[in-house]
Each structure stands twice: as structure tokens, then as C-alpha cells.
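Asks: Sharing a structure, written as C-alpha cells. Questions coming.
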Amino acid sequence: LGEIVTTIPTIGFNVETVEYKNICFTVWDVGGQDKIRPLWRHYFQNTQGLIFVVDSHDRERVQESADELQKMLQEDELRDAVLLVFANKQDMPNAMAVSELTDKLGPQGLRSRAWYVQATCATQGTGLYDGLDWLSHELAKR
């Protein structure tokens with residue numbers, strides 16, 4: 064946290080351990096390419112919190128993101144996981160606001176779990192700590 068790094072889309076899976084607010088997170092960064100999405104479920108066991116990153120600027124693929132999120136949330140291993148959605152790329156022109164993105168993600172499927180949508184700009188770090196604060200608070204309640 065707090066580092067500026069150059070990134071490329073994840074190919075495969077990366078794992079990092081991050082400590083934030085006295086909570087140790089093991090973070091699995093799983094690539095979003097459609098060919099590897101079926102493998103995501105192998106990483107769901109013992110998941111307490113899920114961070115789902117959405118490109119707020121990509122209006123053409125938001126329904127695809129919503130569909131994938133709903134599929135994931137139907138998995139039994141994720142039934143108790145809290146959900147943090149990072150509405151990323153808020154610095155881009157015409158990026159969807161949190162309210163619009165929330166509507167498109169289909170909040171009707173989220174009623175039975177703790178969830179939160181946070182506006183972010185990962186390249187500037189904007190909103191990341193706010194989202195992690197919410198997630199830390201929710202996980203500390205357990």
C-alpha cells in the first residue's frame with residue numbers, strides 16, 4: 064500500500080499478503096480474461112471478503128462485469144463473504160458514478176450480504192483507503 068507501481072493486466076494469478084489496520088489480508092489477484100474465469104472458483108474457499116474491481120469507464124462491458132459478479136456471489140463458498148466493489152477509473156471522462164454503477168450491478172442480488180461500492184482511481188490512489196477502511200471494519204465485526 065502506498066507504492067506506485069506500473070501494472071499490466073493480470074495473466075494467471077498473483078498472491079500478496081498485505082497488512083492494513085491490524086488485519087492481515089491474503090490477496091489473490093485473479094486475471095479477468097474470460098478464458099480463466101472458470102478457474103476463479105478454486106480460490107473461493109475460506110474467503111471472508113471479496114474486492115471486485117470494475118472499470119467505471121467501460122460502459123460496453125459493465126453488463127458482463129455484473130453477470131460475472133452475480134455468478135461468483137451464487138457460489139456456496141462465498142455465501143458469507145462481504146463485498147467491496149471498487150468503481151475504478153473515476154478520473155476518466157464519462158466514467159459511471161457510483162450510483163449508476165450500483166444500479167447496473169444489480170443490487171437486488173446483494174441484499175443478503177454486507178456490500179459497498181467505492182469510487183476509486185487506482186493510478187492516483189484515490190478511494191482505495193476508504194474502501195479498505197470499510198472492508199476492515201466489516202471484517203473486524205466477525
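Numbering (the numbering used here), first residue to last: 64 to 205.
By construction, the Cβ of each residue, glycine as well, lies at the ideal position given by its N, Cα and C atoms.
It should be emphasised that the depicted structure is a prediction, and the values quoted were computed from it without experimental measurement.
(1) Count the other CB atoms within 10 Å of the CB of Q187; is the residue buried (16 or more) or exposed (fewer)?
(2) State buried or exposed for S119, treating a residue as buried only when at least 16 other CB atoms are found within 10 Å of its CB.
(3) Touching or not, the region 132-149 and the region 159-177, by the rule of three or more beta carbon pairs under 8 Å?
(4) Within 10 angstroms of its Cβ, does V145 collect 16 or more other Cβ (buried), or is it exposed?
(5) At what residue ranges does the region 106-180 contain a whole run of the beta strand (DSSP E), taking only runs of 3 or more?
(6) In whole angstroms, what is the alpha-carbon distance linking L164 and A150?
(7) Based on DSSP bridge pairs, tell me the residues matched to D92.
(8) Return the residue from the list Y106, V78, T89 and G112 that minimises the CA-CA distance to W197.
(9) By alpha-carbon positions, which one of G194, V161, Q108 and R142 ends up nearest to V125?
(10) Give a yes or no on whether the C-beta atoms belonging to T189 and Q153 are separated by under 8 Å.
(11) Just to confirm, is the Cβ distance from Q181 to D193 under 8 Å?
(12) Identify whether A203 lies in helix, strand or coil by the three-state DSSP scheme.
Replies: Taking the geometry as given:
(1) Position 124 of the sequence shown, counting from 1, holds the residue named residue 187. Classification for Q187: exposed.
(2) Here the question's residue 119 lines up with position 56 in the sequence shown. Only buried fits S119, as 16 or more other CB atoms lie within 10 angstroms of its CB.
(3) With three or more CB-CB distances shorter than 8 Å, the region 132-149 counts as touching the region 159-177.
(4) Indexing the sequence shown from 1 puts residue 145 at position 82. That one is buried.
(5) Entirely contained in the region 106-180, the beta strand (DSSP E) runs reaching 3 residues are, in chain order, 112-118 and 145-151.
(6) On the sequence shown, residue 164 is found 101 positions in, with the first residue counted as 1. On the sequence shown, residue 150 is found 87 positions in, with the first residue counted as 1. As the crow flies, the alpha-carbon of L164 is around 7 Å from that of A150.
(7) As a first step, residue 92 is located in the sequence shown; it is residue number 29 there, counting from the start. Bridge partners of D92: N77.
(8) For this step, residue 197 is matched to residue 134 along the sequence shown. Of the candidates Y106, V78, T89 and G112, the one whose C-alpha sits nearest the C-alpha of W197 is G112.
(9) The residue you call residue 125 lines up with position 62 of the sequence shown. Nearest option by C-alpha distance: V161.
(10) The sequence position of residue 189 within the sequence shown is 126, counting from 1. The sequence position of residue 153 within the sequence shown is 90, counting from 1. For the 8 Å CB-CB criterion, T189 and Q153 form a contact.
(11) Start at 1 with the first residue of the sequence shown, and residue 181 comes out as number 118. Start at 1 with the first residue of the sequence shown, and residue 193 comes out as number 130. In this structure, Q181 places its C-beta atom within 8 Å of the C-beta atom of D193.
(12) Counting from one through the sequence shown, the residue named residue 203 turns up at place 140. DSSP places A203 in helix when its eight states are reduced to three.
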